[in-house]
Amino acid sequence: MAKSSDNGSILWLSEPRWYLWEGGFFLVTRADRVVPPHAHHAIQIVIAVDGEVAICGKEEDWRKGAAVIVRPDAVHSFNCSGAMGAMLFVDPESAEGAWLGNSLKRDITIVSGPRLASSVEELRRFIEQPFDCMEIGELIRHCVQALSPGVPARRLDQRVTTVLTAIRERDDLHISLESAAEKAFLSPSRFAHLFKDQVGLPFSRYMLWRKLTRAMVAIASEGTIAAAAHAADFADAAHLTRTFYQMLGMAPSVLMRGTLAEIPSPFSVSDAASQPQPLAEKNSRSIQGQ
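Residue numbers (the working numbering): 48 to 337.
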């Protein structure tokens, strides 16, 4: 039986299962209806186990496919179209995220063909036989690496990696551009330029994204939107709600339905010491999409 929801425009057709970590999430569910235009810093992967999903970019027509990948910070609308499947947010600064992101040639990529087969098989096993499948972190990495062609090449500048690691390790997110630049041994202006060049958005916008992902984890542990806003250093619940709509196209209360579990991040910061290994069947081509 369909379960209606006032959480944005989502219509849950099965109980959502959320696996959260600071920097991303993995969601398994069946859902319907359009999520309005939004943009977030994660690489978004959606894989349908049955049926197809629909997506459109800014001023583009709707397209359908068995799987889609969205570049970081690309404006898009989305519809699960009643399909059962998985949605995965990948930190683009992680080793796996840098590998996948470097192969994307368009803001939105429709994926089809043999590259999907192993991921669909493992996801179906996870849904139907949860006690006889890959460990959750291994499953998430498998889905990302199966879609990542070639050999990992891109690495972040070590000065940016140092700052990103410091952000992840802090209990609070009150970090100014000046203090971040000091950690990188650069002037604020030079660090701001380097950070945007490496990460793809200004430092202040990145920090807002980190606050949002921390708030998502906090909703699971704190139980209320107001408490989660406080835990993630938002001004108040209204500020968190506005940011959710801007970056995710829905209200934070979407996380109040279903089961939620906090897990360790399946990924690590992209640097020379944390490069993922390509799967045996990889080729060296970029993901061109459709």
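For glycine and all other residues, C-beta sits at the position ideal for the given N, C-alpha and C.
- For the 8 Å CB-CB criterion, Ala193 and Arg162 form a contact.
- Take the alpha-carbon of Leu74 and the one of Arg171: they are about 13 Å apart.
- Taken in chain order, the whole alpha helix (DSSP H) runs of length 4 or more contained in the segment 81-162 are 142-150.
- Between the beta-carbon of Leu302 and that of Ile266 there is about 5 Å, and that keeps the pair under the 8 Å contact cut.
- The C-beta separation of Ala262 from Ala273 comes to about 11 Å, leaving the pair out of contact by the 8 Å criterion.
- Comparing alpha carbon positions, the residue from Arg77, Phe125, Val117 and Ile187 closest to Trp68 is Ile187.
- Around the beta carbon of Lys258, 16 or more other beta carbons lie within 10 angstroms, which makes this residue buried.
- Secondary structure of Asp79 (DSSP, three-state): strand.
- Secondary structure at Arg188: helix, using DSSP grouped into helix, strand and coil.
- Glu309 is bridged by DSSP to Leu67.
- For Glu225, same chain residues with a beta-carbon under 6 Å away, outside a window of 5 residues either side, are Pro235 in chain order.
- Unbroken alpha helix (DSSP H) stretches of 4 residues or longer found wholly inside the segment 198-282: 205-216, 224-230, 235-246, 250-269 and 272-278, given in chain order.
- Judged by DSSP in its simplified three-state form, Phe73 adopts strand.
- Pairing Ala285 with Ser300, the inter-Cα distance amounts to about 12 Å.
- In this model, Phe242 and Ile155 are separated by some 24 Å (Cα to Cα).
- Note that the C-beta distance between Ser141 and Phe314 is below 8 Å.
- Residue nearest to Ala231 within the set Tyr292, Leu135, Val210 and Leu147 is Val210 (criterion: CA-CA distance).
- Collapsing the DSSP output to three states places Leu295 in a helix.
- If you ignore the 5 residues before and after Ile92, its C-beta comes within less than 6 Å of the C-beta of Ile116 and Leu135, all in its own chain and listed in chain order.
- A direct Cα-Cα distance of roughly 29 Å separates Arg64 from Asn149.
- With respect to the C-alpha of Gly247, the residue from His87, Glu229 and Gly129 having the closest C-alpha is His87.
- Val167: member of the alpha helix (DSSP H) spanning Ala164 to Glu175, first to last residue.
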